[in-house]
Amino acid sequence: MNLKTLFLPNQPVSPSAMQALVGIQALGLIALWSAWPSALLPKPLAIASAWQELWVNQGLGGEIWASLTVNLQALALATGLSAVLAYLTVLPIMRPLVLLLSKLRFLGLTGLTLFFTLAASSGHALKVSLLVFGMSVFFVTALAQEVAATPIERLDHARSLRLPEWRVVWEVIIRGRLDALLEALRQNAAMGWMMLTMVEGLVRGEGGIGGLLLAQNKHLHLDAVVAIQLTVLLIGIAQDCVIGWAKRLLCPHLYLHEAVRTA
1 MNLKTLFLPN QPVSPSAMQA LVGIQALGLI ALWSAWPSAL LPKPLAIASA
51 WQELWVNQGL GGEIWASLTV NLQALALATG LSAVLAYLTV LPIMRPLVLL
101 LSKLRFLGLT GLTLFFTLAA SSGHALKVSL LVFGMSVFFV TALAQEVAAT
151 PIERLDHARS LRLPEWRVVW EVIIRGRLDA LLEALRQNAA MGWMMLTMVE
201 GLVRGEGGIG GLLLAQNKHL HLDAVVAIQL TVLLIGIAQD CVIGWAKRLL
251 CPHLYLHEAV RTA
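With the working numbering, the residue at position 67 of the sequence shown is 67, and numbering never jumps.
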């Protein structure tokens with residue numbers, strides 16, 4: 001690959017070249033990090049040592065598993081609830097309700113915590129409900145916009161085949177726009193990890209990586225804080241890759257132009 005293409009707009013780059021570029025930049029950032037003269041940013045070796053301490057003596061593995069199970073449960077509930085509400089916007093009677101729900105994304109969870117606490121039957125239910133609310137209001141907004149943006153030509157084509165209207169909804173909007181659901185899931189799944197620290201800080205009885213992070217933050221253990229944050233980052237990246245892989249598997253037609261362009 002010609003190096004000049006890296007500095008020109010809209011140039012095709014092969015996957016192998018992109019992987020090499022990412023690796024080079026990552027190594028450069030690690031080298032810059034190691035040489036950076038700042039007492040506020042722990043060095044990579046100190047972070048690695050803190051991570052080992054957290055894993056061996058403070059149960060980091062179990063805390064990760066506790067957080068992962070809660071987050072995946074909330075993500076599954078938020079996806080199902082948001083998908084049902086967004087797809088029901090094909091009915092005019094449902095559009096004002098979904099529009100109202102989408103506006104709730106401007107509300108902060110801090111002011112709603114008391115109401116969720118009073119309504120929840122347990123600490124686990126409180127954590128899950130807070131995460132579901134925080135993800136759903138953004139998820140349903142994005143997915144409802146995708147439903148509204150469905151080209152009318154596709155709907156008319158399905159109607160020309162004499163399909164019933166609910167079959168049109170299934171074939172064109174639900175099945176035909178599966179990629180939109182997966183992309184909305186991919187974009188909003190990270191919110192669960194962003195909110196996890198606050199949620200697990202409220203309910204510490206079941207453990208979780210958020211409670212461990214707050215404890216390390218309280219004692220100003222900067223190397224341990226960064227180690228936990230990097231762990232969450234890597235888990236989030238892995239989660240994003242899995243959803244991206246599922247999108248490629250279930251919607252391969254979306255990536256045909258990439259194969260042609262990078263060939």
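Glycine included, C-beta positions come from ideal geometry on N, C-alpha and C.
Asked                                                                                                                  : Found
For residue 266, the first and last residue of its enclosing alpha helix (DSSP H)                                      : Past the boundaries of the shown model lies residue 266; the chain is included only from 1 to 263, so the question cannot be answered.
Which of helix, strand or coil DSSP assigns to residue 206                                                             : coil
Contact belief for residue 232 with residue 127 at Cβ below 8 Å, rounded distance in angstroms                         : So it is not a contact: roughly 16 Å between Cβ atoms.
Start and end residues, alpha helix (DSSP H) containing residue 241                                                    : 222-250
Close-in-space but distant-in-sequence residues of the same chain around residue 73 (CB under 8 Å, 5 per side omitted) : 128
Collapsed DSSP secondary structure at residue 43 in the structure displayed                                            : coil
Inter-stretch contact at 8 Å, needing at least 3 Cβ pairs: the stretch 77-95 / the stretch 136-146                     : yes
Rounded separation between residue 158 and residue 176 - CA only                                                       : 11 Å
Coarse secondary structure for residue 11, derived from DSSP in three states                                           : coil
Alpha-carbon spacing of residue 24 relative to residue 113, whole angstroms                                            : 44 Å
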